[in-house]
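Counting in our numbering, the sequence shown runs from 4 upward without gaps. Comments concern the structure below.
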Amino acid sequence: MGKNKSIGFIGAGNMGRAIIKGLLSAGTYSPSNLIVSDYSESVIRDLSTSFPGIQTSSNNLNPTAASVVILAIKPQDYENAVRGIKDRIQPETIVVTIAAGLSIEKIANWLDHDAKIVRAMPNMPALVLEGMTALCRNRQVNNAEFQTVREIFDAVGKCIILSESLMNSYTALAGSGPAWILVLIEALADGAVREGISRTVAYEVAAQVLAGSARLVSETALHPAVLKDKICSPGGTTIEAIASLESAGFRSAVIQAVSASTARARELSNE
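Encoded structure:
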């Protein structure tokens with residue numbers, strides 16, 4: 004189906020590039036069916052070099068000819084960009100927003116209340132095709148159209164369907180979550196360096212420890228606590244480390260971080 008459909012990208016930052024890379028790597032869309040605009044001529048040149056055959060333009064109106072239009076621009080640029088393409092969006096066009104804190108209703112107010120709108124929240128690991136994306140839609144988007152959008156984001160990782168009322172909480176978990184994991188990797192590496200391991204080795208090992216542990220949870224479907232218990236020997240080094248984390252309030256700090264991030268996402272939604 005993708006071979007006969009086109010996707011327009013307004014904006015080609017990190018997330019836009021990640022989606023383009025995923026679609027082309029998966030072979031779900033041919034380069035000629037991707038239409039990308041960006042105000043930066045250097046970005047356009049780089050895109051043409053990195054992804055030969057895609058259609059590029061500095062005019063935001065060009066991508067509106069596509070079946071699906073993905074708004075991959077900064078949140079502060081959304082209103083002007085959406086109002087600028089309003090008259091070019093066809094009734095059958097699916098508009099996809101990937102900005103945190105911008106509701107479907109807000110996009111509809113800028114665009115057209117009858118427009119087909121999907122709200123997507125991908126995260127940074129999409130850059131290496133390991134993303135996690137939540138999707139929701141307005142009533143104008145039918146099941147087949149929603150599936151088309153899902154297949155786009157499946158190309159850069161995994162997708163789940165959520166109620167829009169949960170999008171702020173999801174943004175905290177999956178959108179902000181990778182940053183906390185990166186802080187954990189950095190802290191693990193710092194601890195290893197403190198104990199004499201080189202910085203290069205420490206980062207490599209810490210990253211693999213996180214990646215391997217995540218895969219254990221995903222592939223075994225065992226509760227994280229069960230897996231943790233398998234590693235903790237009585238009187239051993241691991242349970243000693245767990246006790247240290249607990250005394251420092253590790254779990255509480257992470258839970259509070261999710262709540263703080265969710266609260267900020269709600270604030271952004273109301274601005």
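Idealized CB from N, CA, C, for every residue including glycine. Keep in mind it's a predicted model, so treat the numbers as computed, not measured.
Taking its Cβ as the centre, do 16 or more other Cβ atoms sit within 10 Å of residue i, making it buried, or is it exposed?
| i | result |
| --- | --- |
| Ala21 | buried |
| Ala266 | exposed |
| Asp41 | buried |
| Thr59 | buried |
| Lys89 | exposed |
| Leu37 | buried |
Do we get a CB-CB distance below 8 Å when we pair residue i with the residues of chain C?
| i | result |
| --- | --- |
| Ile92 | Note that chain C does not occur in the displayed structure, where there is just one protein chain. |
May I have the straight-line CA-CA distance separating residue i from residue j, to the nearest angstrom?
| i | j | result |
| --- | --- | --- |
| Ser264 | Leu74 | 23 Å |
| Ala246 | Ser272 | 39 Å |
| Gly5 | Ile242 | With a pLDDT of 48 at Gly5, under the threshold of 50, the predicted position of this residue should be treated as unreliable, though the coordinate-derived value follows. Each residue's Cα considered, the two are about 51 Å apart. |
| Leu219 | Val261 | 23 Å |
| Lys3 | Thr96 | Here the chain covers residues 4 to 274 and nothing more, so residue 3 does not appear. |
| Ala268 | Pro237 | 42 Å |
| Val46 | His226 | 44 Å |
| Val98 | Ala137 | 15 Å |
| Met18 | Ala129 | 7 Å |
| Asn145 | Ser70 | 14 Å |
Are the CB atoms of residue j and residue i within a distance shorter than 8 Å?
| i | j | result |
| --- | --- | --- |
| Ile10 | Ile234 | no |
| Val131 | Trp183 | no |
| Gln143 | Asp117 | yes |
| Trp113 | Arg91 | no |
| Ala103 | Met135 | no |
| Ala68 | Ile76 | no |
| Ser34 | Ile57 | Sequence inspection shows Pro at residue 34; the Ser mentioned does not correspond to that position. Yes. Within cutoff. |
| Glu108 | Cys139 | no |
Please list, in chain order, all residues of the same chain as residue i whose beta carbon is under 8 Å from its beta carbon, the five residues on each side excluded.
| i | result |
| --- | --- |
| Ala158 | Ile22, Gly25, Leu26, Ser28, Ala29, Thr31, Leu132 |
| Val196 | Arg202, Ala205 |
Using C-beta distances below 6 Å, list every residue in its chain close to residue i, excluding the 5 sequence neighbours before and after it, in chain order.
| i | result |
| --- | --- |
| Ile110 | Thr100, Ile120 |
Original post:
Contact between the region 11-30 and the region 49-59: three or more CB pairs below 8 Å?
Top reply: yes
Original post:
Okay, do the region 144-154 and the region 12-20 touch, 3+ Cβ pairs below 8 Å being the bar?
Top reply: no
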